[in-house]
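Protein chains in written order, with my numbering: chain A, 701 to 1043; chain B, 701 to 1043; chain C, 701 to 1043.
Written as structure tokens, this is what we have:
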């Protein structure tokens, strides 16, 4: 009996089944220190216990993207080891803060299957949930990936494509218990701009750039126990390059967006996202944002802002698609998310 | 008086003397987070407090190799600063788990000396013990190194070569107090294969590869306060390359062996090991294992498995030695160890 | 309204104003583990809780340079984003240890302004204070930088140049409460040399070298939330190189100085410092020290030693300036500091 995990192929998934992903992980302040080392992350709520307390939280939670990466990383051996492409995200909601000392695990429900017309691959839709040691959901999101078939002659499953709205509405967002921005300290947070200062349609060039290195992206990706070969093994791709984990680009761009969005403290919802082009070592990642929507919330002093976050490796700020409607070659990421900020 | 440490030479050692190595180190969860960043380590017992508790431990200990690296690193300024080669290991036993908050220090007893026939070098055998803040031994192992003489005319010491068995027997292994695998969760651990599923002689190709970078191996080696020049200084070797610390290869290979040996949770004994060829930045490390022996233990649900762990930088899986009996040039490591796994 | 921070220009500073820098930071053992990974730091007081307790402290504080880097990093967006050069340091005093769990923030008072004769730049002098969550000062130092003017036609401010003595006197140093070196364990600390063994004028070549990599210096600099573009973005300088943060060189040289100054445990004062030449990835950093002064202190068993710490990227040990009086091209750093060591 082969002992190693060859990964699942398209015909190994059944709509309705739940996959329990392996290797729960206890996270503490060490992971937070590493996040600050790997990304230029400066949002004050995730940097200072006292700042978090002034916002009604017991202390500073781990960065929302740490939760995302850990939950996501655990799904890789079961969902994307034989994936050809990561096609999209939808309906992502951060449901509870992750505190130092929490233990996270992941499970995924298969919610859709669609064989491609070439008969060699298919699209698998999963709804992944991250749970803490109290079996409380801390994060959920839908992801769909294109997966190879083991046997091209295997019959196609019944096509099931889930109905996925383009975006969450603001009232679907979960707001951390106790959150209160009425005593928010804009000086300590780093910028004076409040929710009311942002207009729908406004675009912000985050100015700064970071040239990325092999050692960094591999360490980041390993930290999340994400084992996809293409990130680590130069022999895994024909050109000998190591593909940078798309989540590394997300975290880098989100951290760069501090410069102009320092008060968009909390990532609360993920409406969608595309990894438009591969990112490789030596690329200089830049970011710009566009305000897509705004909404009030039920929490004191807290507004919701829907943002497009675009990461590029150069080119003109605010350029996204060519005349053919396709992403420009320098665009790395097009992410659509909801953040919480002081009114 | 020269203030800097020039290291000991062969004639500076006396059989029976004990060397107290410097710089005790308090280790906490930060070191664990770093271990997960530097290596693709996924064994559940070292990742989750809850998983460790389900196995009878109070919480998750630090990875066994963290203990090894820290204890080893402290010996470098006294044992291997003028070493020509690290020749072997034997009789390694992990005697107690290392918990976050423990403080480790090292001491070594010189147990053997043998001048080489060239008169310029000699072999030093030491038994190194790692102790925690309660003066409890957590690890011991024998290592022998070839060390330069300061003065080739110094008389040869009496030859003392310790009797070192090829391997520990399973009943010499120390089992962590309370360890109980009878409620072991194979799903959370990541693989269904139990002790009974492995056969003596069975070989496992761990499939994955990691291309290593200068920044990573230097950070790992520094983390263990190992200061050997050849790992850090491009002017220390004629070809300008930095030699990767052999322990980095051990940890990388052990982590890669998760894929096929996810349930070989605990490293309990080190029977022997050879760093067959140097590892350099840019090499892609792969690993395969061979089951050498199996034994039951006195702990509930716990079996012992003796494994050969081979790290390579390419070549055919399971290839080890050429027709001349020498290690193939692509073989980096040949390690012989005992692990504990669920029956 | 532009949302991003373009940084302050020379005409934006007023003598007497206080700038409250953003993003407080809670630091714990994770940051300490990272410091040990990034630098070959081995001073026992900052490595072991038990060693620190034997010196009269409640447990091991964070490395003094961690405090410096974090306090310094917070000033970058307000002080040096448009700086042409970091000209000097003076009057630096570590006022209280930083304990795991402390939250640090920074503020700077503008204490001097002097427009340069070219009319395009000026020198800004700030006295920066690092404060913990109890509003207790943990560090203060004066720094002066050359900053561009936004508008060359803006009128020059009145020239104010603070009176900055060449060095602190030993009685100005703050000694950690409870510090007592009368039971100091020289074996565990790693070297036998006590304060009495060092002579004014003595020079020590610290022997070891470390070749530095892009990934390492970027991660170190990010860890301190220092966002200066030149460290991260290959497009920020005409030659495409990333300039290594001067503080990275300070920490590397201080760590290398363990070999010969293992007992110079505590950095208590910063008299001055010059970043003599830029450091780039691939440089091999070496260090040497010169004893400049010695003084007794009021604490039991504790002496103060004033040291010049020079970092180089090669060249002869102890070489500093050419015949023209200028720093030799291989000199990276010339730092003048006070340390505390056992009598």
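Here a beta-carbon is modelled for each residue, glycine too, at the ideal position from N, C-alpha and C.
As the structure is a prediction and not an experimental result, all values here were calculated from the model.
Item: Residue 747 of chain C at chain B interface by Cβ criterion, 8 angstroms; Value: yes
Item: Among B/977, B/928, B/965 and B/980, the one whose alpha carbon lies nearest that of residue 706 of chain B; Value: B/928
Item: Proximity of residue 1033 of chain C and residue 916 of chain C at Cβ, strictly below 8 angstroms; Value: no
Item: Backbone secondary structure at residue 774 of chain A - three-state DSSP; Value: helix
Item: Interface flag, residue 751 of chain B vs chain A, CB-CB below 8 angstroms; Value: yes
Item: Residue 932 of chain B versus residue 911 of chain C - alpha carbon distance; Value: 6 angstroms
Item: Proximity to residue 708 of chain B [Cα-Cα], best of B/868, B/845 and B/908; Value: B/845
Item: Other residues of its chain near residue 1008 of chain B: CB distance less than 6 angstroms, five sequence neighbours each side excluded; Value: 990, 992 and 1036
Item: Backbone CA spacing between residue 758 of chain C and residue 955 of chain C [nearest angstrom]; Value: 23 angstroms
Item: Beta-carbon proximity check, residue 732 of chain B vs residue 747 of chain C, cutoff 8 angstroms; Value: no
Item: Cβ-based neighbour list, residue 1028 of chain C, same chain, cut-off 7 angstroms, excluding 5 preceding and 5 following; Value: 1015, 1019, 1020, 1021 and 1022
Item: Element boundaries [alpha helix (DSSP H), containing residue 661 of chain B]; Value: No answer is possible for residue 661 of chain B: the residues shown for chain B start at 701 and end at 1043.
Item: Unbroken alpha helix (DSSP H) run spanning residue 922 of chain A, endpoints; Value: 914–923
Item: Reference residue 751 of chain A, options A/997, A/965, A/994 and A/972, closest by Cα; Value: A/965
Item: Opposing strand residues paired with residue 828 of chain B [DSSP bridges]; Value: B/808 and B/841
Item: Interfacial residues, the segment 933–955 of chain A to chain B, with Cβ spacing under 8 angstroms; Value: 933, 934, 935, 936 and 942
Item: Cβ of residue 903 of chain A within 8 angstroms of any chain B Cβ; Value: no
Item: Contact with chain B by residue 1037 of chain C, beta-carbon distance below 8 angstroms; Value: no
Item: Reference residue 918 of chain B, options B/902, B/786, B/864 and B/980, closest by Cα; Value: B/980
Item: Short-range partners of chain A found in the segment 713–735 of chain B, where Cβ spacing is below 9 angstroms; Value: 728, 729, 730, 731, 732, 733 and 734
Item: Min CB distance residue 829 of chain C to chain A below 8 angstroms; Value: no
Item: Residue 898 of chain C vs residue 1001 of chain C beta-carbon contact at 8 angstroms; Value: no
Item: Through-space distance from residue 814 of chain B to residue 1003 of chain B, alpha-carbon basis; Value: 38 angstroms
Item: Residue 975 of chain A vs residue 946 of chain A beta-carbon contact at 8 angstroms; Value: yes
Item: Proximity test, Cβ basis, 8 angstroms: residue 894 of chain B and chain A; Value: no
Item: Cα-Cα separation between residue 996 of chain A and residue 1017 of chain A, rounded to whole angstroms; Value: 29 angstroms
Item: Interface residues of chain A facing residue 705 of chain C [CB-CB closer than 9 angstroms]; Value: 890, 891, 907, 959, 960 and 962
Item: Alpha-carbon to alpha-carbon, residue 887 of chain B and residue 855 of chain A; Value: 29 angstroms
Item: C-alpha distance - residue 967 of chain A paired with residue 797 of chain A, whole-angstrom precision; Value: 10 angstroms
Item: Cβ of residue 761 of chain C within 8 angstroms of any chain B Cβ; Value: no
Item: Buried or exposed (CB count within 10 angstroms, at least 16 for buried), residue 853 of chain B; Value: exposed
Item: Start and end residues, alpha helix (DSSP H) containing residue 791 of chain A; Value: Residue 791 of chain A -> not in any alpha helix (DSSP H); beta strand (DSSP E) instead, spanning 783–794.
Item: Min CB distance residue 914 of chain C to chain A below 8 angstroms; Value: yes
Item: Contacts around residue 890 of chain B, its chain only, beta-carbon distance under 6 angstroms, and the 5 residues preceding and following it disregarded; Value: 962
Item: Below-8 angstroms beta-carbon distance, residue 742 of chain A vs any chain C residue; Value: yes
Item: Residue from B/969, B/1011 and B/972 with nearest C-alpha to residue 988 of chain B; Value: B/1011
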